[in-house]
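In the numbering used here, the protein residues as written are 11 to 86.
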């Protein structure tokens, strides 16, 4: 595990602490979770861009449809 020191404006740091507290997390755990979400989004974007380079439009559209379905959640 690595230690990373970041500099944030005081207001931003205070808001992050408040958000962490509201979720019952440490600030460290919150930043870890937010980082994981950002990296997952980046990985997805890079994967999609790589697929786009193949020119396989139907496969790319199928991925977008699957993502839309996951975001919508289960139907009721």
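The C-beta atom is built at its ideal place from N, Cα and C for all residues, glycine as well.
C-beta contact flag for residue i and residue j at 8 Å
i: residue 49; j: residue 40; result: no
i: residue 58; j: residue 46; result: no
i: residue 73; j: residue 63; result: no
Helix, strand or coil at residue i [DSSP, three-state]
i: residue 32; result: helix
i: residue 75; result: helix
i: residue 12; result: coil
i: residue 18; result: coil
i: residue 66; result: coil
Nearest-angstrom Cβ-Cβ length linking residue i and residue j, presumed shorter than 8 Å
i: residue 37; j: residue 26; result: 6 Å
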